[in-house]
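Undergrad:
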Amino acid sequence: MHRRQIKYQNIQIQIIDSARSVKTSFMTQKIIKGLELLAEELAHLLFAENQNSLNLDRQRIEGVELTITFCGQQHIRQLNTKYRQKNKITDVLSFALHADLRNSKKTNGHFALKKLNLGDIVICREVAKRQSLEFEIPLYSEVLHLALHGMLHLCGYDHEQGGKEQKIMEWLEDFYIRRLIKK
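Counted from 1, the sequence shown has number 161 at position 180 by our numbering; the numbering is strictly sequential.
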């Protein structure tokens, strides 16, 4: 089990990799650096004052935290079966602790918590590797895309609703991927 912590301003990301060997761990320098850049983009999504952000109140929320766990196929299948009733392996799962992040923006609501825990993201190592080969992209790029996808779910976006929701989430993924590429 490998653990790492990333901090950017008031964003804190716990990274856990259940790999037994350093050779199979996703705790590579490139992936960690990419997740650090992603933390910066999460701060933009949560706190920036523009139409693409949730514009949460920096004065009331002193910190935001989330966990990203890298696991194997068996574990992600168990989670997918237990929480989504889908007995299959998937690439990424998100477990949001707040369903009302986006509504907070619309209603100008505030959270009573000073430290906001967004939830957990679980990424399957084997599926990420397979997809990076399939899409002919570097592994770290696929991992960042999956982490970003999970972060958007933690913030209340849901492509599985289809229609407008799907378009919004896909647009945000493209927007933040383009921002990451520029860094």
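Heads up, the beta-carbon is just placed ideally off N, CA and C, and yes, glycines get one too.
Bear in mind that the values here come from a model prediction, so they are computed numbers and not experimental data.
Measure how close the beta-carbons of residue -6 and residue 16 come, nearest whole angstrom, since I'm counting them as under 8 Å.
TA: Their Cβ separation, rounded to whole angstroms, is 6 Å, which keeps residue -6 and residue 16 in contact under 8 Å.
Undergrad: For residue 50, which option in 6, 134 and 110 has the closest C-alpha, if you only look at C-alpha atoms?
TA: 6
Undergrad: Between the Cα of residue 0 and those of 19, 107 and 44, spot the shortest distance and give me the residue it belongs to.
TA: Among 19, 107 and 44, the Cα nearest to that of residue 0 belongs to 107.
Undergrad: Residue 159: which of 144, 140, 143 and 129 sits nearest, CA to CA?
TA: 129
Undergrad: Give me whichever residues DSSP pairs with residue 44 in a beta bridge.
TA: Answer is 96, bridged to residue 44.
Undergrad: Do you know whose CA, among -18, -13 and 45, lies nearest residue 53's CA?
TA: -18
Undergrad: What is the DSSP secondary structure of residue 88, counted as helix, strand or coil?
TA: Unreliable placement is indicated for residue 88, whose pLDDT of 41 sits below 50; the coordinate value is still reported in the next sentence. Residue state, collapsed to three classes: helix.
Undergrad: Apart from the five residues on each side of it in sequence, which residues of its chain come closer than 6 Å, Cβ to Cβ, to residue 131?
TA: Around residue 131: 73, 75 and 102.
Undergrad: Helix, strand or coil for residue 57, going by three-state DSSP, please let me know.
TA: The answer is helix: DSSP assigns residue 57 an H, G or I state.
Undergrad: Check each candidate in 150, 11, 28 and 146 and name the one with the smallest Cα separation from residue 97.
TA: 28
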